[in-house]
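Numbered as in UniProt numbering, the sequence shown ends at 366 without a single skipped number. We put the beta carbon where it would ideally sit given N, CA and C, even for glycine. Just so we're clear, the structure is a prediction, and the values are computed from it rather than from any experiment. Remarks on the structure that follows.
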Amino acid sequence: MEYETPLFFRVMEYASQAEGDVIDMVSGNPDWEPPQALRDGLHEYADREPDAFQYPPSEGLLELREEIAARRGVDREQVVVTNGAGEANYLAMARALERDRGDEIILTDPVYPYYPGKTTMLGGTQSFVAANENGQLDPADVCEAASEETAAIVANSPNNPTGAVYPEETMRKLVAIAEEYDAVLISDEVYDHFDLSGNFSSALAVDSDHRIVTNAFSKSLAITGFRVGYAIFPPELVANAKSRHMLVNVAGSRPSQYAVLQALCGTGPDYYERNRDRLRERVDAFTDALDLTGAEYTTPEGAFYVMARFEGYPGTLENVFELIDEAGVAGMPGNAFGDSRSDWLRFALVTPRVEEAADRLAAYFE
Ligand SMILES: Cc1ncc(COP(=O)(O)O)c(C=O)c1O
């Protein structure tokens, strides 16, 4: 069986080897500060006794699981601390396929490319439901695609790459479809703190044994390198997921989990608000400057990304390489996210130089 190395790495590698100055808008690595409490927790950890440097409980530090459970209103037994949202999604998809209710996973188009990658790796089949041009998902289309073969539906709101935030009604209907077909809704909520619209609704708001919620601190605390995320499983699905997590990883990283716990307890809502404000400013600066290019673009309701379409310049890998070399701006090819956005390019707003980047694009497309 073959599975692909995600394209992100090829683009990042190409950009890092480019001759001139390149503004990196490829990955979703925040360029802003983590909370002070996280740095303090990490400093403090360095001086602890050797026993603090040994295996943590495989399912995650108890205090961290309790904190997550309290915040999310679930039982701590349902929480597995994972190696980022990446592992949380893997555990959720594997668990859904293990139920032997079918081997099909319903994904959206556009799609976060790791989902089809994981589906293939896990031996599942995939079927895509198109989002509309605003990135919204019509539950009626998902219902039409669902069948007895459906093991899981994977939804991501706020969405990478479209920036769409699904309303509560959509989440409610997606859970209902999972229930109707005895499948599982997997709701990836890794950008929940970057809802710019105020319309975000967690799948946890709908009580059900047919939904798994995945999340991480990678984006919300600006620590993609720490690798701390979590999955919340229905009680009857959690045991196998914990075993799989243990067999694959033994355990997660103890200092990272400790620092995250300190950050959660020692950080007020203003930290998250500031990050949203910065993102709003960047969206405005980037899209205002994009207006000068004549490009069509998306204005995100959430997450970090703007998609842009330049007349006669499809979102291929070749064009992305050309923009790196000729314009000094690195984005992602839209065709990495499925067929529907193959004319588009995606730009991550994780640099203070967003306006300069749009100016460079304007100069290039002039
Ligand atoms: C939708 C989505 N899910 C999951 C991830 C991976 O998150 P983590 O770094 O916590 O594994 C990303 C990262 O960009 C993402 O955009």
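- For Asp141 and Asp291, the gap between their C-alpha atoms comes out near 33 Å.
- Ligand 1 has a heavy atom closer than 7 Å to the beta-carbon of Asp188.
- At a Cβ-Cβ threshold of 8 Å, Ile232 and Arg72 count as neighbours.
- According to the DSSP assignment, Phe365 belongs to no beta strand (DSSP E) but to the alpha helix (DSSP H) extending over Val354 to Phe365.
- Asn89 counts as buried, since at least 16 other C-beta atoms from the protein chains shown sit within 10 angstroms of its C-beta.
- In the DSSP assignment, Ser187 falls within the beta strand (DSSP E) that extends over Val184 to Asp188.
- Residue pairing for Thr150: DSSP places it in a beta bridge opposite Glu104.
- For the segment 68-114, the continuous beta strand (DSSP E) assignments of 3+ residues that do not extend past its boundaries occur at 79-82 and 104-109, in sequence order.
- If you draw a straight line from the Cα of Arg48 to the Cα of Phe321, it is about 47 Å long.
- Taken from the Cβ of Thr224, at least one heavy atom of ligand 1 lies inside 7 Å.
- Every unbroken stretch of the alpha helix (DSSP H) spanning 4 or more residues and falling wholly within the segment 233-299 is given here in chain order: 238-249, 254-266 and 269-290.
- Ile23 has Val329 as its beta-bridge partners, per DSSP.
- Annotation: the continuous alpha helix (DSSP H) that includes Tyr14 extends over Leu7 to Ser16.
- Taking 8 Å as the cut-off, the Cβ atoms of Phe8 and Gly338 do not count as close.
- With a cutoff of 8 Å on beta-carbon distance, Phe286 and Ala358 are scored as near each other.
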